[in-house]
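S.K.: What follows is a single structure, and I will ask about it in a moment.
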Amino acid sequence: MNRSELRQTVRQLRRALSSSEQRQFAQQACQQALMVINQHKVKRIALYLTNDGELDTRPLIEALWQQGISVYLPRLHPFSQGNLLFFNYAPTSHLTQNSLKIWEPKLDITQMVLPHQLDMVITPLVAFDQQGNRMGMGGGFYDRTLANWQQQGKPYPVGFAHNCQGVKQLPTQHWDVPLPLIITPQKTYHYSLTSRSMASDD
């Protein structure tokens, strides 16, 4: 399958999950993610708000608030097309829907951080493979955000996905940024950035 066909197939798989499965998987993934976040001693973390059958981030966001960890959400850059800005997200934050029908924080510079000021970014994805490659929706937003993370050492990128989104091998482009770690409800996958080998923690 080409990239477009693969996106459509995997999106249909995650949309087919029942509401009870979505709730169960979100809680399981939350526990997996909290172990990783605490191991990395994260203070500032960016997440996303769930859309189109994605693994629900709400339980994780609420758990992070309870731990006093600062949560940030992406917003489409108002005049730099294809780029993201990140703003603090609190229980009282006001959200609006963007042109992609995704909820995002309002444009308030006092609440903004630059990507390298974040300790970790948990990214949405459509599919991932056994080498840690990530396929998004095709806009390249997170590839641009994370392009220099290894040189800067931050923010550490982590994928967040249902198990059904895993495939053997993805077709990749030179601008695609592979992930060192991907969290699913059942396992956390660690990838070597040099050999692209995979190990997992049950």
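At position 104 of the sequence shown the residue is numbered 1502 (this note's numbering), and the sequence of numbers has no breaks.
We put the beta carbon where it would ideally sit given N, CA and C, even for glycine.
1. Just how far apart, CA to CA, sit Ala1545 and Gly1451?
2. Select from Glu1419, Met1399, Gln1515 and Glu1403 the residue whose C-alpha is nearest the C-alpha of His1560.
3. Apart from the five residues just before and just after Gly1557, which ones in its own chain have a Cβ nearer than 6 Å to its Cβ?
4. Could you tell me which of Leu1512, Lys1566, Tyr1446 and Cys1562 sits nearest to Gln1550, measuring between CA atoms?
5. Is it buried or exposed, Arg1594, if we count other Cβ atoms within 10 angstroms and call 16 or more buried?
6. Just curious, the beta strand (DSSP E) that Pro1354 is in, first and last residue?
7. On the CB-based measure, 16 or more other CB atoms within 10 Å of its CB, does Arg1413 come out buried or exposed?
8. Excluding the 5 residues flanking Asn1492 on each side, which residues of the same chain have their C-beta closer than 6 Å to its C-beta?
9. Does DSSP classify Ile1459 as helix, strand or coil?
10. Sort Phe1484, Met1510 and Thr1582 by Cα distance to Tyr1540 and report the nearest one.
11. Spatial neighbours of Val1469 within its chain, please: C-beta separation below 8 Å, excluding the five flanking residues on both sides.
12. In this structure, does DSSP put Leu1404 in helix, strand or coil?
13. Beta strand (DSSP E) containing Phe1558: first to last residue?
14. Are His1514 and Pro1553 touching if we call contact CB-CB under 8 Å?
15. If I measure Cβ to Cβ from Met1605 and keep anything under 7 Å in the same chain, skipping five residues before and after, which residues do I get?
16. In or out: Ile1500 buried (at least 16 other Cβ within 10 Å) or exposed?
17. Whole angstroms is fine: what's the gap from Met1596's alpha carbon to Ser1402's?
18. Would you mind reading off the limits of the beta strand (DSSP E) that contains Gln1495?
19. May I ask you to list the residues that DSSP assigns as paired with Arg1409?
20. At what residues does the alpha helix (DSSP H) containing Asn1436 begin and finish?
M.R.: This is what the structure gives:
1. Along the sequence shown, read from residue 1 onward, the residue named residue 1545 stands at position 147. Along the sequence shown, read from residue 1 onward, the residue named residue 1451 stands at position 53. Taking the straight line from one Cα to the other gives about 26 Å.
2. As a working note, residue 1560 is residue 162 in the sequence shown. With distances taken between Cα atoms, His1560 lies closest to Glu1419.
3. In the sequence shown, residue 1557 corresponds to position 159, counting from 1. Closer than 6 Å at the Cβ level, and outside the excluded window around Gly1557, lie Thr1521, Leu1523, Phe1526, Arg1532, Leu1577 and Ile1580.
4. Position 152 of the sequence shown, counting from 1, holds the residue named residue 1550. Nearest option by C-alpha distance: Leu1512.
5. Along the sequence shown, one-based indexing puts residue 1594 at 196. Its pLDDT being 43, under 50, Arg1594 is placed unreliably by the model, and nothing is read from it.
6. For residue 1354 there is no data in the structure shown, the boundaries of the chain being 1399 and 1600.
7. Indexing the sequence shown from 1 puts residue 1413 at position 15. It is exposed - the Cβ of Arg1413 has fewer than 16 other Cβ atoms within 10 Å.
8. Residue numbering aside, residue 1492 sits at position 94 when the sequence shown is read from its first letter. The amino acid occupying residue 1492 in the given sequence is His; Asn does not appear at that position. Within its own chain, the residues whose Cβ lies closer than 6 Å to the Cβ of His1492, once the five positions on either side in sequence are excluded, are Lys1504, listed in chain order.
9. By 1-based counting over the sequence shown, the position of residue 1459 is 61. Reduced to three states, the DSSP call for Ile1459 is helix.
10. On the sequence shown, residue 1540 is found 142 positions in, with the first residue counted as 1. Residue nearest to Tyr1540 within the set Phe1484, Met1510 and Thr1582 is Phe1484 (criterion: CA-CA distance).
11. As a position in the sequence shown, residue 1469 is number 71, starting the count at 1. Excluding sequence neighbours, Val1469 sits near Ile1443, Ala1444, Leu1445, Ile1459, Leu1462, Trp1463, Asn1486, Tyr1487 and Ala1488.
12. Here the question's residue 1404 lines up with position 6 in the sequence shown. Three-state DSSP puts Leu1404 in a helix.
13. On the sequence shown, position 160 is the one that residue 1558 refers to. First-last of the beta strand (DSSP E) with Phe1558: Tyr1554 to Phe1558.
14. Numbered from its first residue, the sequence shown carries residue 1514 at position 116. Numbered from its first residue, the sequence shown carries residue 1553 at position 155. Judged by their CB atoms, His1514 and Pro1553 are nearer to each other than the 8 Å cut-off.
15. The question about residue 1605 has no answer, for the chain in this structure spans 1399 to 1600.
16. Your numbering for residue 1500 matches position 102 in the sequence shown. Classification for Ile1500: buried.
17. Position 198 of the sequence shown holds residue 1596. Position 4 of the sequence shown holds residue 1402. Below a pLDDT of 50, predicted positions are generally treated as unreliable, and Met1596, at 45, falls in that range; the measurement from the model is reported next regardless. Straight-line Cα distance between these residues: approximately 25 Å.
18. By 1-based counting over the sequence shown, the position of residue 1495 is 97. Per DSSP, the unbroken beta strand (DSSP E) holding Gln1495 starts and ends at Leu1493 to Gln1495.
19. Residue mapping note: residue 1409 aligns to position 11 of the sequence shown, counting from 1. BP columns for Arg1409 are empty, so no partner.
20. Working through the sequence shown from its first residue, we reach residue 1436 at position 38. Asn1436 -> alpha helix (DSSP H) spans Ser1417 to Gln1437.
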